[in-house]
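J.: Sequence lines, in order, name chains A and B. Once you know that position 3 of the first sequence is 3 in UniProt numbering, the rest is easy, because the numbers rise by one and skip nothing. Once you know that position 106 of the second sequence is 106 in UniProt numbering, the rest is easy, because the numbers rise by one and skip nothing. Backbone N, C-alpha and C fix where the C-beta goes; we use that ideal spot for every residue, glycine too.
2 protein chains.
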Amino acid sequence: MRLFWLKGFSATSVSDLCAAMGVTPPSLYAAFGSKEQLYVEAIRHYEARGGPSIWGPMAEARSAREAIERYLMTSAEVLTSSDHPPGCMVVLSTAREEGCPAIGAVVAELRAAAYEGLRALLAAAVESGELPMSVNIAQLARFALCVQQGMSIQAREGASREDLEGVAQAAMAGWDGLVRP
Amino acid sequence: MRLFWLKGFSATSVSDLCAAMGVTPPSLYAAFGSKEQLYVEAIRHYEARGGPSIWGPMAEARSAREAIERYLMTSAEVLTSSDHPPGCMVVLSTAREEGCPAIGAVVAELRAAAYEGLRALLAAAVESGELPMSVNIAQLARFALCVQQGMSIQAREGASREDLEGVAQAAMAGWDGLVRP
DNA sequence: CGACTTATGTAACAATCACTATGGAAAAAA
DNA sequence: TTTTTTCCATAGTGATTGTTACATAAGTCG
Chain A
1 MRLFWLKGFS
11 ATSVSDLCAA
21 MGVTPPSLYA
31 AFGSKEQLYV
41 EAIRHYEARG
51 GPSIWGPMAE
61 ARSAREAIER
71 YLMTSAEVLT
81 SSDHPPGCMV
91 VLSTAREEGC
101 PAIGAVVAEL
111 RAAAYEGLRA
121 LLAAAVESGE
131 LPMSVNIAQL
141 ARFALCVQQG
151 MSIQAREGAS
161 REDLEGVAQA
171 AMAGWDGLVR
181 P
Chain B
1 MRLFWLKGFS
11 ATSVSDLCAA
21 MGVTPPSLYA
31 AFGSKEQLYV
41 EAIRHYEARG
51 GPSIWGPMAE
61 ARSAREAIER
71 YLMTSAEVLT
81 SSDHPPGCMV
91 VLSTAREEGC
101 PAIGAVVAEL
111 RAAAYEGLRA
121 LLAAAVESGE
131 LPMSVNIAQL
141 ARFALCVQQG
151 MSIQAREGAS
161 REDLEGVAQA
171 AMAGWDGLVR
181 P
């Protein structure tokens, strides 16, 4: 998972993977079938492990604004954590462009789920009256997602947690500007 | 350039490049030396051609706010233009992570120039009095850059120009919130 | 027209790619 | 203890990687 995360699909060879796992090719193929299936399993594992650390804190928020703020602030922390490659594996994946549509479909599914999660959160906030009905939910969800995706690139470039927290703070100012009537 | 832009460094083979150029390997190597040097020449060509279309409109702006707005709105248009691959080649490049530090250095240089351009613009606005001295220039520059980088990922995922213009608009609301005392 | 430099295509280079057939060792079952 | 099954490494599969030696064709100049 870490190798694919860091180097991408094409640039990571089966030799690299075997060396990192301390295994020989036959064992790898007996366990995962192919390099492609291993990547899918790796990114699914990534989502299952890393997902809660980002989506978890949002669930405890008492307002949509606080949820989005936690989403971005937690991202600033997680994406720059030093015990794994920087940035989000799903956001940074380019397997489809590298000529692997099967993986691309899985990645697209995970990305769509992130967007839909944000959208549903905002829709519920409109329903409950926290947000005025005039607010453009799709725009706001896409904006938050876009900022978080940009953070992944910044993190890979070497930005610090503080750098990204500044970005999150700036984005929340955008929220306040847009939500106001 | 388009092949590298779309598929990245590792996933683009010399065969692909030769086929796309209608040339055989010896000609390619006589002209460019190596795949690596060709990538560098391609991304430099990208910057020389595509750079002005983004940085050009900013120069005509009459305020820092308008300049940033043009930066983001023009990006929304250019990054989704249909006559070339979606997203920014410099932002989306992962050559360093793919194991090519020489290319990584060139990409880092181009990215740093973008950040420095934004930073200088904001510094000048503080100097001229348009922006209060209390504003965090580095934070604002990084925020604008981050949003633009996120746009590249969204564009590659299939977002439309209108989608990204919505993001740009939301980001400008963030500007207004941050610049106010 | 002939000599020479400049290209470009053919073919092949060693290395690495993803992947697998085979054989032997360890563990489980009888 | 013997048999059977599971497991895994050695070694090698054909294909493709980036790159180049050679030979032929084209263009340039005397």
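1) Could you work out which residues of chain A lie near C18(B), taking near to mean beta carbons separated by less than 7 Å?
2) Suppose you measure from the CA of S63(B) to the CA of R70(B); what does that come to, to the nearest Å?
3) Check the Cβ of K7(B) against every Cβ in chain A and list those closer than 9 Å, keeping chain order.
4) Rounded to the nearest angstrom, what separates A125(B) and Q169(A) at their Cα positions?
5) Taking C-beta pairs closer than 7 Å, name the residues in chain A that V147(B) reaches, listed in chain order.
6) Consult DSSP for R65(B) and reduce its assignment to one of helix, strand or coil.
7) Check M73(A) in the structure and name its three-state DSSP category.
8) Consider the Cβ of residue 183(A): report whether some Cβ of chain B lies at a distance smaller than 8 Å.
9) How many angstroms separate the CA atom of G166(B) from the CA atom of A141(A)?
10) Check whether chain A comes within 8 Å of E157(B), counting only Cβ atoms and requiring the distance to be less than that.
11) If I measure Cβ to Cβ from V179(A) and keep anything under 7 Å in the same chain, skipping five residues before and after, which residues do I get?
12) Using 8 Å as the limit for Cβ to Cβ distance, is R119(A) near chain B?
13) Given that a residue counts as buried once 16 or more other Cβ atoms are within 10 Å of its Cβ, and exposed if not, what is T12(A)?
14) Where in the stretch 86-146 of chain B do unbroken runs of the alpha helix (DSSP H), each at least 4 residues long, occur, reported from the N-terminal end onward?
15) Name the two residues that bound the continuous alpha helix (DSSP H) containing H45(B).
16) If V107(B) sits next to V90(B), beta carbons under 8 Å apart, how far is it from one beta carbon to the other, in whole angstroms?
17) In the DSSP assignment, the alpha helix (DSSP H) including F4(B) goes from what residue to what residue?
T.: So, from the listed chains and residues:
1) Ordered by position in chain A, no residue passes the 7 Å Cβ test against C18(B), which lies about 17 Å from the chain.
2) 11 Å
3) S10, T94, E97, E98 and G99
4) 21 Å
5) C146, V147 and G150
6) The answer is helix: DSSP assigns R65(B) an H, G or I state.
7) helix
8) This structure does not reach residue 183(A), given that chain A is present from 1 up to 181, and the question cannot be answered.
9) 10 Å
10) yes
11) L131 and V135
12) no
13) Label assigned to T12(A): buried.
14) 89-92 and 101-128
15) K35 to A59
16) 6 Å
17) Annotation: the continuous alpha helix (DSSP H) that includes F4(B) extends over R2 to K7.
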